[in-house]
Every structure is written in C-alpha cells, then in structure tokens.
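Protein chains in written order, with this note's numbering: chain A, 891 to 1011; chain B, 8 to 117.
See the structure below:
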C-alpha cells in the first residue's frame, strides 16, 4: 500500500505554545488529506479535510482558528495546534487520499500516517 | 447522521479459529467499504477494501458485502496472536470522507 509519514511522532509542550505536525504522502500525490484526533479507547474523530491549494474544511465543533491547516503541495499537509492546552492532548493522525485509475477500476482509498502523540503540560 | 455500527466486542477466539466481525451502515448510497486494523497506540492500517457485493479474499482475510442488507463483514481465518487488535469498519460517505465504526477489539488466545 501507499506510504504516509508524520512528523514528529510525539511531542510534549507547555500550555500556551503552538505545535506543528507534518503529514507527507511519500509515494503518491494526494490532493486531499484528512486530519483526525483520537482520544484513548475512542474511535477516530475527523477534524478537517485538507485540500491542496485551497482552504481546509472543518467538521462541526472544530475551531479553525485553533487548528490551522495548510496544504501547500500535493505531498504535504501541516496541522498547527495554536495555544495548546492540556485538553488538546491527544493522538493526531493524518490520512492521505489515494485516487488513481487501475485496470480493475478506480481506487479511492485513505492511507494513514503513523500518528503524532501530543501531550500538553 | 450517517452511522456505522460494529458488534461491540471484545471478541476472544482461540488460535487457529475463525474470527467474524460484523458492520452495518445507514447510508444506502455508500459505495466503498474498508476494514482497518489498529494496534494499541498505533494508527489504523488498511487491510481490506471492498466495492462490490459478494466476497473478496486476501490471504487469511475475507470481506463480505451485501448492499441490499447494508452489511459488511470481515472473516479472519486461522487466527494468530498477532491478529489481536481493534478492527475498524469504515464506509465512504460519498463525499470521500470516511465514517468509522467504534471498532471491535479482537483477542486471539494462544
């Protein structure tokens, strides 16, 4: 399958600071990437959809001014958690949409990055 | 509200047995269905995708889709301890977002 990387894999920061997380599709171009958050023992929660060259679209209840998303190229999306607080501590996971034609029909699949564990003290 | 429901589990099976996971979805217009495996503390890993009614086999995994019943399942044959994980059913909402079920935790007993 396709490979998606995330950096950093974990980060610890003080309350009030900003943290940037990078998501890269390594072997395919992704016009669309997604950002999820997962709290312990809960399922994935979609935060926003990141589209290359345009503004991200946020899910209901997600503050766009707090979670800044930039998708400047076909292989890179970034999520910046601004003025982080302890309640923002979570596992942040990106995914990249792989859309390509094949002999068996179009493939439209999301591949996930390894995740970034954020701890805000 | 587009919903994806999975059997809650946890599901415990002996090594070598078949693990059967079920998933139902509410949006009749859904066209793409996925099973992801997530180990504790890790991100989801795609193990199967299915788009047409019927069975799709990949190694020890078989996905079954019945769009009329809005039902998709995953069978794991010859279960191994390394299959112990949470399995997430995901359904494409049509706007290429995925809706995830809550997951079923599988434990394979050696």
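A virtual CB, placed ideally from N, CA and C, is assigned to each residue, including glycine. All values derive from a computational prediction rather than experimental measurement.
request  = Please name the residue in A/903, A/900 and A/908 whose C-alpha comes closest to that of residue 972 of chain A.
outcome  = A/908
Quiz item: For the region 935–963 of chain A, which residues have a beta carbon sitting closer than 8 Å to at least one beta carbon of chain C?
Solution: Included in the structure are the protein chains A and B, with no chain C among them.
Does the contact criterion of 3 or more C-beta pairs under 8 Å hold for the region 918–937 of chain A versus the region 973–989 of chain A? yes
Exercise for review: In the DSSP assignment, find the beta strand (DSSP E) that holds residue 960 of chain A and state where it starts and stops.
Suggested key: 957–963
Worksheet item: Listing by chain order, which chain B residues have their CB less than 8 Å from the CB of residue 933 of chain A?
Response: 95, 107, 108, 109 and 110
### Message
Against residue 983 of chain A, what residues of chain B qualify as contacts under a CB-to-CB distance less than 7 Å, listed in chain order?
### Response
50
Discussion item. Please state the DSSP three-state secondary structure of residue 976 of chain A.
Written reply: helix
Report buried or exposed for residue 929 of chain A, applying the criterion of at least 16 other Cβ atoms within 10 angstroms of its Cβ. exposed
Note to self: DSSP three-state label for residue 998 of chain A, please.
What the structure shows: strand
Open item on the list: Does chain A have any CB closer than 9 Å to the CB of residue 14 of chain B?
Closed with: no
Q.
At the level of alpha carbons, what is the spacing between residue 64 of chain B and residue 54 of chain B?
A. 11 Å
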